[in-house]
Amino acid sequence: MFVRCTGSMTRYRSGFVLGPIDLTFAEGITCLVGANGSGKSTLFRMLAGMQSLTGGGVEYDDHGSRRLGFLPQSPELPGRATCREFLHLVAWVQGVTKARRTDAVQEALAAVCLEDRADQQIRELSGGMARRLAIAQAIVHDPAILLLDEPTVGLDPVQRLSVRESLHAAGQGRVTLVSTHLLEDVRGLADRILVLSEGAVIFDGTIQTMEDLVPEAPVAGQSLLETALTLLIRSAE
113 MFVRCTGSMT
123 RYRSGFVLGP
133 IDLTFAEGIT
143 CLVGANGSGK
153 STLFRMLAGM
163 QSLTGGGVEY
173 DDHGSRRLGF
183 LPQSPELPGR
193 ATCREFLHLV
203 AWVQGVTKAR
213 RTDAVQEALA
223 AVCLEDRADQ
233 QIRELSGGMA
243 RRLAIAQAIV
253 HDPAILLLDE
263 PTVGLDPVQR
273 LSVRESLHAA
283 GQGRVTLVST
293 HLLEDVRGLA
303 DRILVLSEGA
313 VIFDGTIQTM
323 EDLVPEAPVA
333 GQSLLETALT
343 LLIRSAE
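Positions 113 to 349 (our numbering) are the ones given, in order, by the sequence shown.
Structure (structure tokens):
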């Protein structure tokens, strides 16, 4: 399974341009990092088929475009529905067969450790639980491609750790992209890191190769990874 961008680009009336991007995403977890406005969410919308292109294209193998799971940065969840009811609805919308639907919902709840909350109304969930449920809706139809945009935004450290564990489990065996500006998430998840700056990819590699870019001791108060990211972004300006 792979997703391939070939000369993919999009241009806004404001003048912002993302791309052209020539990348192939294979199985594993890729973390997309960059400052606000660097193009992370735009790239996600492009890969999800929600953003029109002004050049190039996006290719999915094995009919991957019909098996795509997407978690937007600010998902809207129906507060009066139970977790089980909501996931049944999403599974139906995503084409999961009636015979398979109950098991699919149970497996999605188990993947994010919410089995004991299955019949609880969504409005009663904590912020971290609601975020885990949002991840469950993205995987209930067993997608081959999973796009998660800022999945831990707004959560406290304990909630982020719990959600990262769910993300790690959900991302296995899939082409998984996680957009984040939190480097703790990158450290806990990434097989591969992409760094965006002003609509261009300025780094593509592993945590180790990124940290190797730092020529001396990290800046005081920063981790090695934070220092490497700062150097990359400043060199691209």
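Heads up, the beta-carbon is just placed ideally off N, CA and C, and yes, glycines get one too.
With 16 other Cβ atoms within 10 Å as the buried cut-off, status of T122: Here the question's residue 122 lines up with position 10 in the sequence shown. With 16 or more other Cβ atoms within 10 Å, it is buried.
Spatial distance of S278 from G240 (CA atoms): Residue mapping note: residue 278 aligns to position 166 of the sequence shown, counting from 1. Residue mapping note: residue 240 aligns to position 128 of the sequence shown, counting from 1. Approximately 11 Å between the Cα atoms of the pair.
Using a Cβ-Cβ cut-off of 7 Å (strictly less than) and excluding sequence neighbours within five positions of E139, which residues of its own chain qualify? Position 27 of the sequence shown, counted from the first residue, corresponds to residue 139. For E139, the CB contacts under 7 Å within the same chain, skipping 5 residues up- and downstream, are M113, G285, R286, V287 in chain order.
Contact under 9 Å by Cβ, H253 with I141: For this step, residue 253 is matched to residue 141 along the sequence shown. For this step, residue 141 is matched to residue 29 along the sequence shown. No.
For Q271 versus F198, is the C-beta distance shorter than 9 Å? Residue mapping note: residue 271 aligns to position 159 of the sequence shown, counting from 1. Residue mapping note: residue 198 aligns to position 86 of the sequence shown, counting from 1. No, Cβ-Cβ distance for Q271 and F198 is not below 9 Å.
Closest by CA to T342, which one among L267, V145, G131? For the purposes of this step, residue 342 is taken as residue 230 along the sequence shown, with counting starting at 1. Among L267, V145, G131, the Cα nearest to that of T342 is on V145.
Does the distance from the C-beta atom of E171 to that of R235 stay below 9 Å? On the sequence shown, residue 171 is found 59 positions in, with the first residue counted as 1. On the sequence shown, residue 235 is found 123 positions in, with the first residue counted as 1. No. Outside cutoff.
Once the 5 residues before and after A230 are set aside, which same chain residues still bring their CB inside 6 Å of it? Your numbering for residue 230 matches position 118 in the sequence shown. Contacts found: C195, R196, L221.
Under three-state DSSP, which class holds P269? Counted from its first residue, the sequence shown places residue 269 at position 157. Three-state result, P269: helix.
Contiguous beta strand (DSSP E) assignments of at least 3 residues, all confined to the stretch 161–198: Runs found: 167–172, 180–183.
To the nearest angstrom, report how far apart V224 and L301 are at their CA atoms. Position 112 of the sequence shown, counting from 1, holds the residue named residue 224. Position 189 of the sequence shown, counting from 1, holds the residue named residue 301. About 15 Å.
For D316, report the span of its beta strand (DSSP E) as first-last. For this step, residue 316 is matched to residue 204 along the sequence shown. That run of the beta strand (DSSP E) goes 312–317.
Mind checking whether L344 and V307 have CB atoms under 9 Å apart? If you number the sequence shown from 1, residue 344 lands on position 232. If you number the sequence shown from 1, residue 307 lands on position 195. Taking 9 Å as the Cβ cut-off, L344 and V307 qualify as a contacting pair.
Reference Q232, options P190, I251, K210, closest by Cα: Against the sequence shown, residue 232 aligns to sequence position 120. Here the closest residue by C-alpha is P190.
I need the straight-line Cα distance from L289 to L260, nearest angstrom please. The sequence position of residue 289 within the sequence shown is 177, counting from 1. The sequence position of residue 260 within the sequence shown is 148, counting from 1. L289 and L260: Cα-Cα distance of roughly 6 Å.
Please name the residue, chosen from P132, H200, R276, S164, that lies closest to C143 on a Cα-to-Cα basis. For the purposes of this step, residue 143 is identified with residue 31 of the sequence shown, where counting begins at 1. Checking every option, the nearest Cα to that of C143 belongs to R276.
Could you check where the beta strand (DSSP E) with F137 kicks off and where it finishes? Walking along the sequence shown from the start, residue 137 turns up at place 25. Unbroken beta strand (DSSP E) run through F137: 129–138.
Grab the span of the beta strand (DSSP E) containing V290 for me, first residue to last. The residue labelled residue 290 in the question sits at position 178 within the sequence shown. Bounds of the beta strand (DSSP E) holding V290 are 287–291.
Buried versus exposed, by CB contacts within 10 Å (16 or more), E188: Counting from 1 along the sequence shown, the entry for residue 188 is found at position 76. The residue is exposed, with fewer than 16 neighbouring Cβ atoms inside 10 Å.
Out of R192, Q334, I251, H293, point me to the one whose CA is closest to G149's CA. Locating residue 149 in the sequence shown gives position 37, where the first residue counts as 1. That would be H293, whose Cα lies nearest to the Cα of G149.
C-alpha gap between E323 and I247, whole angstroms: Position 211 of the sequence shown holds residue 323. Position 135 of the sequence shown holds residue 247. Cα-Cα distance, rounded: 30 Å.
Can you give me the C-alpha to C-alpha distance between P327 and L226, rounded to a whole angstrom? Here residue 327 corresponds to residue number 215 of the sequence shown, with the count starting at 1. Here residue 226 corresponds to residue number 114 of the sequence shown, with the count starting at 1. Computed Cα separation, rounded: 45 Å.
What separation, rounded to the nearest whole angstrom, lies between the Cα atoms of I314 and D228? Numbered from 1 along the sequence shown, position 202 holds the residue referred to as residue 314. Numbered from 1 along the sequence shown, position 116 holds the residue referred to as residue 228. Cα to Cα, the separation comes out at about 43 Å.
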